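Q: Sequential numbering of the sequence shown, starting at 26, is according to my numbering.
Just so you know, even glycine gets a beta-carbon here, dropped at the ideal spot from N, CA and C.
Fair warning: this is a prediction, and the values are worked out from it, not measured in the lab.
My questions all concern the structure below.
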Amino acid sequence: MSTRNFNFSAGPATLPLPVLEQAKEDFLCYPGAGASIMEISHRTKTFLNVLDEAKSNIKELLGMSDDYCILFTPGGATMQFTMLAMNFLNGASADYLHVGTWATKAIQGASPHGTVRKAWSGKEDNFNRLPADDELDLDPQAAYVHFTSNETIQGIQFSRESQVNGKDLFCDASSDFLSRPTDMNKYALLYAGAQKNIGPSGTAVVILRKDLLERVPEGLPPLLDYKVLYDNDSLYNTPSTFTIYIIGLVSRWLLKTVGGLEKMHAINKNKAALLYDAIDNSQGFYKGHALPEYRSLMNVAFRLGSEELEGKFIAEATAAGLDGLKGHRSVGGCRASIYNAMPTEGVQALADFMKEFQRVKG
Ligand SMILES: Cc1ncc(COP(=O)(O)O)c(C=O)c1O
26 MSTRNFNFSA GPATLPLPVL EQAKEDFLCY PGAGASIMEI SHRTKTFLNV LDEAKSNIKE
86 LLGMSDDYCI LFTPGGATMQ FTMLAMNFLN GASADYLHVG TWATKAIQGA SPHGTVRKAW
146 SGKEDNFNRL PADDELDLDP QAAYVHFTSN ETIQGIQFSR ESQVNGKDLF CDASSDFLSR
206 PTDMNKYALL YAGAQKNIGP SGTAVVILRK DLLERVPEGL PPLLDYKVLY DNDSLYNTPS
266 TFTIYIIGLV SRWLLKTVGG LEKMHAINKN KAALLYDAID NSQGFYKGHA LPEYRSLMNV
326 AFRLGSEELE GKFIAEATAA GLDGLKGHRS VGGCRASIYN AMPTEGVQAL ADFMKEFQRV
386 KG
């Protein structure tokens, strides 16, 4: 196959075409390096410039102050579930917002390292909504409050930053990182697996308020110690240099081509509306999982009348070049992941396909 599909996969996910084209151009010989970026030492000036650009682009996009640092860690977001607890829970108690499948995994990852309290759970509602701040049962002694800003599988997203004040807020932003303006001052720690909105898989971007580093206990394994990563500028081990290079290109694309996070957010809202309108105007042929107020701009999860019909929908969509629409194996149904890099034309093509499929099968 030589033509590219519109790829609605939840992750690894579609990357901006100009980024892939640039990577293709640089693949054999990165300018000035005489070799691919994958073939040179992570200690060379060339790679250090790549690392610096990735960090400074993210800093500029988020308008971050020098109170924060940016780390690139191995192990993706799942590693962060445990790593943040080893560093900051460490036998104490923390509050978790149990808002979906990834929050469940964050809780599991942290549990061996202290007391993990559920300050709220959406399990009884099948994770189709999110809590208001006054529904949270917060422990004044909690070491931190952890939440998932966008639940990738259920397709629910906090539409604004949490108003939980006076607490160190930790956020798994894996599936909506850099998709909208974010006030980093509200967060103590925010992390994201790279493979949805910012690059290839296997690395997490971690943004940490630097004063937290003083709380890191002695004696952690070095690669699981934020202080070691910070002191070594994410180069304690050989990091995934190619991933950091792509993160640099994606963040440059966001800054220079898209024009920043306000603009990205406007595009993302417009894209999501195309699909939610198709669902809402279908007289029940398509049923969204999330209650409307909590709908994600990144992952649109929906069902059709039967599993058989869903199978046909996915097969025919794939044949039409609309790929990756199968819902997560844990919940079934369909899911369209429409991260930053999914062009509006792709979403429009899916919305048109949904209408046509309904006209024929409805
Ligand atoms: C919200 C969220 N958190 C965490 C993860 C896990 O990330 P990783 O596979 O990078 O460990 C994912 C998806 O993969 C996710 O969607």
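Can you tell me which of S118, H171, T268 and N293 puts its alpha carbon nearest to the alpha carbon of F62?
A: Taking the sequence shown and counting its residues from 1, the one referred to as residue 62 is at position 37. Position check: residue 62 holds Ile in this sequence, whereas Phe was assumed. Closest option to I62, Cα to Cα, is T268.
Q: With which residues is G218 paired in a DSSP beta bridge?
A: Locating residue 218 in the sequence shown gives position 193, counting from the first residue. Answer is A229.
Q: Please report the distance separating the alpha-carbon of E332 from that of Q383.
A: Taking the sequence shown and counting its residues from 1, one reaches residue 332 at position 307. Taking the sequence shown and counting its residues from 1, one reaches residue 383 at position 358. Answer to the nearest angstrom: the Cα atoms are 15 Å apart.
Q: What residue ranges within the region 61-146 form continuous beta strand (DSSP E) runs of no fewer than 3 residues, ordered along the chain?
A: Segments of the beta strand (DSSP E) lying fully in the region 61-146: 93-99, 118-123 and 140-146.
Q: Can you name the residues that DSSP bridges to L347?
A: Position 322 of the sequence shown, counted from the first residue, corresponds to residue 347. L347 is bridged to F31.
Q: Ligand 1 and A374: does any heavy atom of the ligand fall closer than 6 Å to the residue's C-beta?
A: Counted from its first residue, the sequence shown places residue 374 at position 349. Checking every heavy atom of ligand 1 against the Cβ of A374, none is found closer than 6 Å.
Q: Need the endpoints of the alpha helix (DSSP H) that S362 sits in, please.
A: Along the sequence shown, read from residue 1 onward, the residue named residue 362 stands at position 337. That residue, S362, is in no alpha helix (DSSP H); its beta strand (DSSP E) goes C359 to S362.
Q: If you draw a straight line from the C-alpha of T228 to the C-alpha of S307, how long is it?
A: Residue 228 sits at position 203 when you count from the first residue of the sequence shown. Residue 307 sits at position 282 when you count from the first residue of the sequence shown. Cα-Cα distance, rounded: 39 Å.
Q: Helix or strand or just coil, what does DSSP make of A326?
A: The count along the sequence shown starts at 1 and reaches residue 326 at position 301. A326 falls in the strand class under three-state DSSP.
Q: So what does DSSP say about N293, is it helix, strand or coil?
A: Position 268 of the sequence shown holds residue 293. Looking at N293 - three-state DSSP - the assignment turns out to be helix.
Q: So within the region 240-324, which uninterrupted alpha helix (DSSP H) runs reach at least 4 residues, ignoring any that extend past its ends?
A: Runs found: 251-256, 266-277 and 286-305.
Q: Alpha helix (DSSP H) containing T369: first to last residue?
A: On the sequence shown, position 344 is the one that residue 369 refers to. From DSSP, the alpha helix (DSSP H) with T369 extends over T369 to K386.
Q: CB-CB under 8 Å to N262, same chain, minus the five flanking residues each way: which ones, in chain order?
A: Mapped onto the sequence shown, residue 262 falls at position 237. Answer for N262: P99 and L248, listed in chain order.
Q: State yes or no: is the C-beta of T129 nearer than 6 Å to some heavy atom of ligand 1?
A: Counting from 1 along the sequence shown, the entry for residue 129 is found at position 104. No - ligand 1 has no heavy atom lying nearer than 6 Å to the Cβ of T129.
Q: Who are G196's beta bridge partners in DSSP?
A: Residue 196 sits at position 171 when you count from the first residue of the sequence shown. For the sequence presented, residue 196 should be read as Cys rather than Gly. According to DSSP, which records beta bridges pairwise, C196 is partnered with F172 and L215.
Q: Hey, would you say A326 sits closer than 7 Å to R360, going by beta carbons?
A: To locate residue 326, count along the sequence shown from 1; it is residue 301. To locate residue 360, count along the sequence shown from 1; it is residue 335. For A326 and R360, yes; Cβs fall inside 7 Å.
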